[in-house]
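Peer 1: Just so you know, the protein sequences line up as chains E and X, in that order.
For the first sequence, the numbering used here gives the first residue as 1, with consecutive numbering after it.
For the second sequence, the numbering used here gives the first residue as 128, with consecutive numbering after it.
This is the structure I want to talk about, given as structure tokens.
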Amino acid sequence: MSESENVEKSVEFPETDYVEDGQNKLIIKCKYCTSKILDKKSAKYITQEKDLPLMQQDKNKEGEVQSEKINQFYHVENMYTFENIGFTHTVANHKYLSCADCDAGPVGYYDMDTKHSYVALSRVEHI
Amino acid sequence: MAKKTYDLLFKLLLIGDSGVGKTCILFRFSDNHFTTTFISTIGIDFKIKTVELRGKKIKLQIWDTAGQERFHTITTSYYRGAMGIMLVYDITNEKTFDDIVKWLRNIDEHANEDVEKMILGNKCDMEEKRVVSKERGEALAKSNINIERAFSELAEAILDKTAGREADADAARIAVERRPSRAPPARACCS
Ligand SMILES: Nc1nc2c(ncn2[C@@H]2O[C@H](COP(=O)(O)OP(=O)(O)OP(=O)(O)O)[C@@H](O)[C@H]2O)c(=O)[nH]1
Ligand SMILES: [Mg+2]
Ligand SMILES: [Zn+2]
């Protein structure tokens, strides 16, 4: 699967508006309480297709996790780069990321093997 | 690009008997936004928070722990790397207050010897069910305080130490009582 294919699929957040020098151009905040998650230019912009559980799960569909495919992420190599963030307990080699102040999430995930974190552009506010 | 974006990193632990509200301190999710949430079913392991103290940018990594692990089973590995411990009791539960002494002894035995300790009386919104009197609490407690302040003060105490300033030997610990937060804590938040 080629990179360019992915980019074409995911024009929700045009790189010209959100990316500078391959990094997040803007400050990243929580959508719900505006808690600051990342400083500007502190994470690498990447495209990859990844399933992320929905922030709002349907109560009627108990027992199954509903998720969506997400293509655009900010890649954070060192977890201490985050300004404010919560890490869940581990599920299948991942921890999920949530707002440190209002606990909304997942806004992304953490990979236990690489110890890298990924924040979904569509799950956060850009200021 | 490899510039460090902070000055100091402090690892903090929440410790105390089961049911005192440690998990609720870390996970304050309110049902306002969502009908149900994926995050609440998994639970929070730790949080990273950034505070600025005396012109220094400090990262706090705050870990939840499980209270049912009894003091005697808790050993050094549990406390590894911890620079600050928030010791929590429930003002509506006598035993959790009495057990603070045991937790302190356990910390003395197993944690790093200059770990900074803070004692926090929790569930202050349930004043009518209070059994640990304010007077007794205040023998340890300094003032009413909200949780953000409490973490900040704990961090400041650690900062004093790391700054090489010798903390007075008598000021062994700080203690505070948690001020009820603006919104009444959702009782169901961690059940
Ligand atoms: N009224 C009130 N209830 C609280 C407060 N904090 C926690 N609770 C309730 O106390 C119960 C236990 O809270 P937890 O946060 O799960 O306690 P814990 O210290 O994490 O317990 P363990 O994980 O077993 O060690 C839950 O039913 C909470 O809703 C508070 O500030 N006020
Ligand atoms: Mg707990
Ligand atoms: Zn938030």
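Glycine included, every Cβ here is placed at the ideal spot set by N, Cα and C.
On the DSSP letters alone, give me the boundaries of the beta strand (DSSP E) that residue 38 of chain E sits inside.
Peer 2: Start and end: 36-38.
Peer 1: Whose Cβ in chain X lies nearer than 8 Å to the Cβ of residue 84 of chain E?
Peer 2: Neighbours of residue 84 of chain E on chain X, chain order: 174, 175, 176 and 177.
Peer 1: Can you tell me whether residue 115 of chain E is buried or exposed, with buried defined as 16 or more other CB within 10 angstroms of its CB?
Peer 2: By the neighbour-count rule (16 or more Cβ atoms within 10 Å), residue 115 of chain E is not buried but exposed.
Peer 1: The beta strand (DSSP E) spanning residue 45 of chain E covers which residue range?
Peer 2: Taken as a continuous stretch (DSSP letters only), the beta strand (DSSP E) holding residue 45 of chain E covers 44-53.
Peer 1: Quick check on residue 182 of chain X - is its C-beta less than 9 Å from some C-beta in chain E?
Peer 2: Not one chain E Cβ lies under 9 Å of residue 182 of chain X.
Peer 1: Apart from the five residues just before and just after residue 211 of chain X, which ones in its own chain have a Cβ nearer than 8 Å to its Cβ?
Peer 2: Here the set comprises 137, 138, 139, 140, 242, 243, 244, 245, 281, 282, 284 and 285.
Peer 1: Mapping the DSSP letters down to three states, classify residue 287 of chain X as helix, strand or coil.
Peer 2: Looking at residue 287 of chain X - three-state DSSP - the assignment turns out to be helix.
Peer 1: May I ask you to list the residues that DSSP assigns as paired with residue 147 of chain X?
Peer 2: Answer by DSSP bridge pairing: none, since residue 147 of chain X is not bridged.
Peer 1: Inspect the beta-carbon positions of residue 123 of chain E and residue 79 of chain E and report whether they are closer than 9 Å.
Peer 2: Not closer than 9 Å, so no.
Peer 1: Decide if residue 204 of chain X is buried, meaning its Cβ has at least 16 other Cβ atoms within 10 Å, or exposed.
Peer 2: Burial call: exposed.
Peer 1: In the DSSP assignment, what residue or residues form a beta bridge with residue 120 of chain E?
Peer 2: Residue 120 of chain E pairs with E/73.
Peer 1: Answer with yes or no whether the minimum CB distance from residue 166 of chain X to chain E is below 9 Å.
Peer 2: At least one chain E Cβ lies under 9 Å of residue 166 of chain X.
Peer 1: Using the three-state DSSP reduction, which class does residue 88 of chain E fall into: helix, strand or coil?
Peer 2: Reduced to three states, the DSSP call for residue 88 of chain E is strand.
Peer 1: Is any heavy atom of ligand 2 found at a distance shorter than 8 Å from the C-beta of residue 194 of chain X?
Peer 2: Checking the Cβ of residue 194 of chain X against ligand 2 gives yes.
Peer 1: As an exercise, report each continuous alpha helix (DSSP H) stretch of at least 4 residues that is fully enclosed by the segment 197-266 of chain X, in chain order.
Peer 2: Qualifying alpha helix (DSSP H) stretches, in chain order: 203-206 and 221-237.
Peer 1: Is the separation between the beta-carbon of residue 175 of chain X and that of residue 60 of chain E shorter than 9 Å?
Peer 2: Not a contact, by the Cβ cut-off of 9 Å.
Peer 1: Is there at least one non-hydrogen atom of ligand 4 closer than 8 Å to the beta-carbon of residue 191 of chain X?
Peer 2: As far as ligands go, the structure on display features ligand 1, ligand 2 and ligand 3 and does not contain ligand 4.
Peer 1: From the DSSP secondary-structure annotation, give me the bridge partner or partners of residue 111 of chain E.
Peer 2: Residue 111 of chain E is bridged to E/94 and E/116.
Peer 1: For the beta strand (DSSP E) that residue 173 of chain X lies in, which residues bound it at each end?
Peer 2: Its beta strand (DSSP E) spans residues 171-180.
Peer 1: For chain X, is any of its Cβ atoms less than 9 Å away from the one on residue 91 of chain E?
Peer 2: Answer yes: the Cβ-Cβ gap between residue 91 of chain E and chain X drops below 9 Å somewhere.
Peer 1: In chain order, what residues of the same chain have a beta carbon less than 7 Å from the beta carbon of residue 293 of chain X, not counting five sequence neighbours either side?
Peer 2: At residue 293 of chain X the pLDDT is 44, less than 50, meaning the model places this residue with poor confidence; the figure from the coordinates comes in the next sentence. Counting only Cβ-Cβ distances below 7 Å, and skipping sequence neighbours, we find nothing.
Peer 1: Would you mind stating whether residue 74 of chain E and residue 27 of chain E have Cβ atoms separated by less than 9 Å?
Peer 2: Contact: no.
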